[in-house]
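Participant: In our numbering, the protein residues as written are 52 to 503.
The structure is reproduced here in structure tokens:
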């Protein structure tokens, strides 16, 4: 590939799940790769993670990435790409200024590197994406540098239902280094031992790398008007008649001989100590390695898929982390009190858990307990509307029994009403009989009165 082809060539990324086509400039992603690798080697044990904004255009279902702007993260929380409040303010300013880009390039997404974990979107990454990149066509690019292998990368996007498959990229790809940009003809490159050779970039960000020594060589006249080289200033013609013998050919003095003997003795003692240390390395090397090597940060990828309100939480049940785990805790935050569900090894190896969600956002965390006190963590979130609850179809037999019970209830109600009416009628007749008896008793008492 020639330099001109590398500058203008683009590549296409479109897995079947992506609702649009992603095109990116090979030179732009190679510049990002160089910055990611440079930050990766800037610190021991993983380096620093960096990120920035992707610029381009979105037209007719095609997302074209044509440039980028790096975000100067202050790394207030460590070497990972975790944004502090000042970093978030700086990101908002970059997005606002990018909207005024004279080249009509707009923010189409963002990128960042993962140096201590695989290619996936953490919970913090998804929160940042949903906060600053809300358009359905804006993407996130995660890059994973390596010491001996090419840098791997993967895009993340919103699917048609608005969810993000954050546990892994649908299609990872390798970023092979592009050809090195040549130094312009006629400019002498600076040698490695020249103390004044300091690298800098020219006015064009994509132009060649120029050195101060090269600029000085270009500015100095290289030849005389006649085309011959200008002679160097002549050295003094007076030459000494006797040239002294070099010191390394002169016979060594006694003091110098002692120095040589002391140096040889020190070298011999050092070799003896190194040999003894090598022969006893099985005694002290494991402890030193354990003291220097940090405890690796283990992680496991989670995903959440909604099926008619039933949230299917999935992880890799065949991974080495799960195979050696004894138990785990699955925490589900559905907007109310978080649920903490204890999982045993059998549940972990199943690799799935179904939960009936009650709200539109569900945050999920998984903590796996490993031997030796280590833990592996995973987190994901789901955001989506609740499905409409439809009543289940009614069984005909149940409907028949319900109608029969309703008819029987109506009949009982009618009989009860008739019985109530009859009871009232009997009570009225009884009252009339009581009145007649009372009247007869009164008349009988009057007839038996002595006054009559």
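Ideal placement from N, C-alpha and C gives every residue a C-beta, glycine not left out.
#1: For residue 120, which option in 161, 128 and 130 has the closest C-alpha, if you only look at C-alpha atoms?
#2: Whole angstroms are fine: how far does the CA of residue 331 sit from the CA of residue 72?
#3: Where does residue 338 fall in DSSP's three states?
#4: Is the CB-CB distance between residue 156 and residue 118 below 9 Å?
#5: Could you give the DSSP three-state label for residue 25: helix, strand or coil?
#6: So, using beta-carbon positions, are residue 44 and residue 415 closer together than 9 Å?
#7: What residue from 61, 98 and 95 has the CA that sits closest to residue 80's CA?
#8: Output the boundary residues of the beta strand (DSSP E) element that contains residue 169.
#9: Report the option in 127, 69, 125 and 153 whose CA atom is closest to the CA atom of residue 106.
#10: Quick one: measure Cβ to Cβ for residue 433 and residue 357, integer angstroms, because I've assumed they're closer than 8 Å.
#11: With burial defined as no fewer than 16 other Cβ atoms inside 10 Å of the residue's Cβ, what is the status of residue 408: buried or exposed?
#12: Let me confirm a value: residue 333 is counted as buried when at least 16 other C-beta atoms fall within 10 Å, else exposed. Which label applies?
#13: I'd like the span of the alpha helix (DSSP H) that includes residue 372, first residue to last.
#14: According to DSSP, what are the bridge partners of residue 384?
#15: In the DSSP assignment, what residue or residues form a beta bridge with residue 406?
#16: Is it buried or exposed for residue 318, if we count other Cβ within 10 angstroms and need 16 for buried?
#17: So residue 373 packs on residue 394, CB below 8 Å; how close in whole Å?
#18: Let's see if you can read the secondary structure: which residues bound the alpha helix (DSSP H) around residue 351?
#19: What three-state label does DSSP hand residue 433 in the structure shown?
Facilitator: Taking the structure as given:
#1: 161
#2: 60 Å
#3: Correct three-state label for residue 338: helix.
#4: yes
#5: This structure cannot settle anything about residue 25, because the visible part of the chain is limited to 52 through 503.
#6: With the chain represented from 52 up to 503, any question about residue 44 goes unanswered, as that position is not in the structure.
#7: If we check each option's Cα against that of residue 80, 61 comes out closest.
#8: Where residue 169 is concerned, there is no enclosing beta strand (DSSP E), given that its DSSP letter is neither H nor E.
#9: 153
#10: 6 Å
#11: With 16 or more other CB atoms across the displayed protein chains lying within 10 angstroms of its CB, residue 408 is buried.
#12: Exposed.
#13: 371-374
#14: In the DSSP output, where bridge partners are listed per residue, residue 384 has 414.
#15: 362
#16: exposed
#17: Between residue 394 and residue 373 the Cβ distance is about 10 Å, and since that is not below 8 Å, they are no contact.
#18: No alpha helix (DSSP H) contains residue 351, which DSSP labels as neither H nor E.
#19: In the three-state DSSP reduction, residue 433 falls in the strand class (E or B).
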